[in-house]
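A.B. asks: Chains as they are written, first to last, in this note's numbering: chain E, 551 to 666; chain C, 400 to 511.
Where is the CB? At the ideal position from N, CA and C, for every residue including glycine.
Quick one: structure below, then a few questions.
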Amino acid sequence: GAGVSQTPSNKVTEKGKYVELRCDPISGHTALYWYRQSLGQGPEFLIYFQGTGAADDSGLPNDRFFAVRPEGSVSTLKIQRTERGDSAVYLCASSYGRGVGTDTQYFGPGTRLTVL
Amino acid sequence: GDSVTQMEGPVTLSEEAFLTINCTYTATGYPSLFWYVQYPGEGLQLLLKATKADDKGSNKGFEATYRKETTSFHLEKGSVQVSDSAVYFCALSQGGSEKLVFGKGTKLTVNP
């Protein structure tokens, strides 16, 4: 079946602009995760949704970052007043949400964000 | 806080060589441990996992054993193939938390 999809695959923006990154999880997966991967680093957790609600947003770096999942499926990560340091690959993952030791997180291909 | 340390890469091996990629962790309690792999042009995918001490995860000829006494989860494969060329990430997750904490990754290149 279809995996996790993310759009756009690449996004180039200018410093100070607003961007939205979209994630379509695997059908039936109730849990959705956002991670950020900077060059030469491993993915870094940002936020986790269970259904429509953000169950853990402890990884969001500051209040310029916000994510929503209004119908419990598609999620949008929103970044306001982008900075050059926001340049990274943003990864989305989804799972059945019964616990990370039980259910595998399936990752999408990522959105490469470049802030000029 | 919780953290994962992987051996520095890149690692270059010849086909059929033995592979070890070291991974150690720092965590309170008893985390679950994972190895993820990212093949060129593809997304991250789970390779294997272990959820309690002394468990051995295995998949595609790769193995890793959860060693609580040394806080390690080293990845091994007896005979690598060119198709194993990828970036390998060690990760952990604490009980009650859904988030994965990743190491920096180790790039493996296998030459024919």
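Between E/Pro-620 and chain C, is any beta-carbon pair separated by less than 9 Å?
C.D. replies: Along the first sequence, one-based indexing puts residue 620 of chain E at 70. No, its Cβ sits nowhere closer than 9 Å to a Cβ of chain C.
A.B. asks: Using beta carbons (cut-off 9 Å, strictly below), is C/Ser-492 in contact with chain E?
C.D. replies: Stepping through the second sequence from its first residue, residue 492 of chain C is reached at position 93. It does: the Cβ of C/Ser-492 has a partner Cβ on chain E nearer than 9 Å.
A.B. asks: Using CA coordinates, which residue listed in E/Phe-657, E/Leu-589, E/Ser-623 and E/Ile-597 is at the minimum distance from E/Leu-663?
C.D. replies: For the purposes of this step, residue 663 of chain E is taken as residue 113 along the first sequence, with counting starting at 1. Looking at the Cα atoms, E/Leu-589 is the closest of the given residues.
A.B. asks: Please name the residue in C/Gly-477, C/Ala-426 and C/Cys-422 whose C-alpha comes closest to that of C/Thr-404.
C.D. replies: Stepping through the second sequence from its first residue, residue 404 of chain C is reached at position 5. Out of C/Gly-477, C/Ala-426 and C/Cys-422, C/Cys-422 has the C-alpha closest to the C-alpha of C/Thr-404.
A.B. asks: At 7 Å on the CB atoms, spell out the chain E contacts of C/Gln-480, in chain order.
C.D. replies: Your numbering for residue 480 of chain C matches position 81 in the second sequence. Residues of chain E passing the Cβ test: none, with the nearest at roughly 23 Å.
A.B. asks: So, for C/Val-486: in the same chain, excluding its five sequence neighbours on each side, which residues have a beta-carbon less than 6 Å away from its beta-carbon?
C.D. replies: Locating residue 486 of chain C in the second sequence gives position 87, where the first residue counts as 1. Only Gln-437, Gly-504 and Lys-506 meet the Cβ criterion.
A.B. asks: Consult DSSP for E/Val-639 and reduce its assignment to one of helix, strand or coil.
C.D. replies: Against the first sequence, residue 639 of chain E aligns to sequence position 89. In this structure, E/Val-639 counts as strand in the three-state DSSP scheme.
A.B. asks: Name the residue from E/Gly-660, E/Ser-637 and E/Thr-632 whose alpha carbon lies nearest to the alpha carbon of E/Gly-566.
C.D. replies: The count along the first sequence starts at 1 and reaches residue 566 of chain E at position 16. The option with the nearest alpha carbon to E/Gly-566 is E/Thr-632.
A.B. asks: Starting from C/Gln-480, follow the beta strand (DSSP E) in both directions and report where the run begins and ends.
C.D. replies: In the second sequence, counting from the first residue as 1, residue 480 of chain C sits at position 81. Counting along the chain, C/Gln-480 falls outside any beta strand (DSSP E), and DSSP gives it neither H nor E.
A.B. asks: Would you mind reading off the limits of the beta strand (DSSP E) that contains E/Phe-595?
C.D. replies: For the purposes of this step, residue 595 of chain E is identified with residue 45 of the first sequence, where counting begins at 1. E/Phe-595 -> beta strand (DSSP E) spans 594 to 600.
A.B. asks: Which of the three DSSP states, helix, strand or coil, is assigned to E/Arg-572?
C.D. replies: Residue 572 of chain E sits at position 22 when you count from the first residue of the first sequence. Secondary structure at E/Arg-572: strand, using DSSP grouped into helix, strand and coil.
A.B. asks: Return helix, strand or coil for E/Arg-634, following the three-state DSSP convention.
C.D. replies: Stepping through the first sequence from its first residue, residue 634 of chain E is reached at position 84. Three-state DSSP puts E/Arg-634 in a helix.
A.B. asks: In the stretch 460 to 471 of chain C, which residues sit with their C-beta less than 8 Å from some C-beta in chain E, listed in chain order?
C.D. replies: So nothing in the stretch comes that close.
A.B. asks: How is the beta strand (DSSP E) around C/Phe-433 delimited, first residue to last?
C.D. replies: Translated into positions along the second sequence, residue 433 of chain C becomes position 34. Counting along the chain, the beta strand (DSSP E) containing C/Phe-433 begins and ends at 431 to 437.
A.B. asks: Using the C-alpha atoms, what's the distance from C/Ser-478 back to C/Gly-502?
C.D. replies: Position 103 of the second sequence, counting from 1, holds the residue named residue 502 of chain C. Position 79 of the second sequence, counting from 1, holds the residue named residue 478 of chain C. For C/Gly-502 and C/Ser-478, the distance between alpha carbons rounds to 24 Å.
A.B. asks: Would you give the residue range spanned by the beta strand (DSSP E) that E/Ala-617 belongs to?
C.D. replies: Against the first sequence, residue 617 of chain E aligns to sequence position 67. Unbroken beta strand (DSSP E) run through E/Ala-617: 615 to 618.
A.B. asks: Find the residues of chain C that neighbour E/Ala-581, judging by a C-beta separation of less than 8 Å, and give them in chain order.
C.D. replies: What you label residue 581 of chain E is simply residue 31 of the first sequence in a count that begins at 1. The answer, in chain order, is Glu-497.
A.B. asks: Out of C/Met-406, C/Glu-475, C/Ser-413 and C/Ser-402, point me to the one whose CA is closest to C/Pro-511's CA.
C.D. replies: Reading the second sequence from its first residue, position 112 is the one you call residue 511 of chain C. Nearest option by C-alpha distance: C/Ser-413.
A.B. asks: Let me know the secondary structure DSSP gives C/Arg-466 once reduced to three states.
C.D. replies: Your numbering for residue 466 of chain C matches position 67 in the second sequence. Strand.
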